[in-house]
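Quick notes on the structure that follows.
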């Protein structure tokens, strides 16, 4: 009887995560769309697609990741330490994969002395990532550690107050064109000259990680309002589009931060937490694919760009996007098969370091 209850509980937990995994898979596809060239020819439509719809993906990843981290912490006291350790190993592996491309990008866009390459490497590793999409990992790690520490020292009131304040500072990059205070602009300019972006663990990730922790800690109370989540997603989605048009009217430095991303992604996560998914959908497969989509897609974007330069036939932006999506899916599927069949030492970090050393020496 006890075994049956355990199995029933495990089945209920899996069913509660199926909707989340499905949304994460869609979000992974939207990340690829965002990083590709212009999708729609009309500037306003393209802005709404790439800088409004696609923008929810990363906040959703942060909320879902922190939600499951909090759940794991409630089951094991050292879960966060083990999770961060495992995520760091994966991050180091992919950082080494993209290191040659990252150095090549630096050579093409900055006049940086080879003597400063070690500094650039350290900055990339702990802050911006060795390639543009990898910033998410150190940001998520920082957010998780910081939120855990703040909750121990204070509580959710202080945590959310601080997180909203940090996010508010980050939104300056989005609403820069609307700011009339020249002193604030000058201060922000100095910050960007030193730290490049506000899209990091402190200003961006902190609020979404806090939301993930909060939703896990108050899941039973939140479940009482599940019938309103669909309406909440619709309402906050409309407001997000309105904010997107406001941003489009006066585009600032970047468009990473929008206020309505906070309630929209929170509502979407709550909705996906209780939505029912058809049993014939292989959620576990989608979960694995989505993970590798994120890590692999820049390689496929670069490959597609080479096709565009070689064949005019691929100059069509929709064709580029389709080729990139198909290539990412095939390479991700191949990677999943290889990781399941090949021994772990094949992916040892020391081996990857030796492989990349040759390319780094050529770049230097």
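Numbering (the numbering used here), first residue to last: 483 to 846.
All residues carry an ideal CB built from backbone N, CA and C; glycine is no exception.
Proximity to residue i [Cα-Cα], best of the options
i           : options            : result
residue 669 : 652, 682, 681, 683 : 652
residue 771 : 818, 728, 800      : 818
residue 612 : 650, 576, 720      : 576
residue 807 : 778, 642, 820, 788 : 778
residue 649 : 560, 639, 690      : 690
residue 674 : 654, 802, 528      : 654
residue 620 : 573, 537, 580, 637 : 573
residue 731 : 511, 811, 526, 500 : 526
Check whether residue i and residue j have beta carbons under 9 Å apart
i           : j           : result
residue 679 : residue 736 : yes
residue 505 : residue 776 : no
residue 718 : residue 746 : yes
residue 859 : residue 625 : Any property of residue 859 remains undetermined from this structure, which presents the chain solely from 483 to 846.
residue 734 : residue 618 : no
residue 548 : residue 629 : yes
residue 780 : residue 507 : no
residue 711 : residue 502 : no
residue 622 : residue 683 : yes
residue 693 : residue 755 : no
Simplified DSSP state of residue i, which is helix, strand or coil
i           : result
residue 500 : helix
residue 764 : coil
residue 754 : helix
residue 831 : Residue confidence for residue 831 is low, a pLDDT of 49 falling below 50, so the modelled location carries little weight and cannot support an answer.
residue 699 : helix
residue 589 : helix
residue 759 : coil
residue 576 : helix
residue 597 : helix
residue 714 : helix
residue 520 : coil
residue 820 : helix
residue 798 : coil
residue 559 : coil
residue 727 : helix
residue 506 : helix
residue 732 : coil
Near the ligand ATP: residue i beta-carbon under 8 Å from a heavy atom
i           : result
residue 578 : The model on display carries no ligand, and the ligand ATP is accordingly not part of it.
Checklist entry - For the region 515 to 528 against the region 658 to 669, are there 3 or more C-beta pairs whose distance is under 8 Å? => result no
Checklist entry - Counting pairs of beta carbons, one from the region 605 to 619 and one from the region 629 to 640, are three or more of them closer than 8 Å? => result no
Item to check | At least three beta-carbon pairs within less than 8 Å, the region 554 to 566 to the region 735 to 749 | outcome: no
Item to check | 3 or more residues per run - each beta strand (DSSP E) lying fully within the region 613 to 695 | outcome: none
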